[in-house]
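Protein chains in written order, with the working numbering: chain U, 1 to 113; chain V, 1001 to 1112. The beta-carbon is built from N, C-alpha and C at its ideal position, and this holds for glycine as well. A quick note: this is a predicted structure, and the numbers were derived from the prediction, not measured. Notes follow once the structure below has been shown.
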Amino acid sequence: QKEVEQNSGPLSVPEGAIASLNCTYSDRVSQSFFWYRQYSGKSPELIMSIYSNGDKEDGRFTAQLNKASQYVSLLIRDSQPSDSATYLCAVRGGGGSNYKLTFGKGTLLTVNP
Amino acid sequence: DVKVTQSSRYLVKRTGEKVFLECVQDMDHENMFWYRQDPGLGLRLIYFSYDVKMKEKGDIPEGYSVSREKKERFSLILESASTNQTSMYLCASSLSGEVGYTFGSGTRLTVV
């Protein structure tokens, strides 16, 4: 059973701080990695994707991937109250059924003004 | 932008009813998915389809079936609704396995 693990939180940070969200996965041949943001009562929204080891930056968001450690993270710089949401890590495995993503249960982030 | 439309935002159905949840995407995506989301359990895959008339079971297919007669439409069917199927149902689509999904706005189903 392929698994994606996230700290459930809640993670609470002050406005302007860096929020760090972590995710580990069990399938060593996983190919693609995604971060989704989900506001309460809304559907998940894709915010970052990363495919190779290292860092990928997009505005205030940085995704980091370490395939050897089977670890992916999301950093949010200069956190804003509008960043308060649940963040879902998703992983696409290798092999035949590579259409589908496996999701972690999410980390609830609260940014305090 | 890709749009994934779910026909109902809220539904209330009675136990034993046959329930149809409809999902339509407008960007010619090959792959479509149905998930349910429950507190503490996260997103769980029910069924997915990678082509017209093709379907594969996900992790929790029991009590559900699907239909994909046209590329843009993927329907989830609850054959005989039960109270344990009360949940948020999310449809998603993707162009290929390389990219992430686009989700619809979800259908909150309550079975009474």
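Buried/exposed call for L88(U), threshold 16 Cβ in 10 Å: buried
Contact belief for F34(U) with G1100(V) at Cβ below 8 Å, rounded distance in angstroms: 4 Å
Inter-stretch contact (C-beta, 8 Å, three-pair minimum) for the region 1003-1018 of chain V and the region 1036-1049 of chain V: no
Chain U contact for G1042(V) (CB, 7 Å cutoff): yes
S1087(V) versus L1011(V) - alpha carbon distance: 10 Å
Inter-residue spacing [alpha-carbon to alpha-carbon] between D1028(V) and P14(U): 42 Å
Which of helix, strand or coil DSSP assigns to P1061(V): coil
Members of the region 69-95 of chain U near chain V, C-beta cut-off 8 Å: L88, A90, R92
Anticipated Cβ contact below 8 Å, E1072(V) with V1024(V), distance rounded: 5 Å
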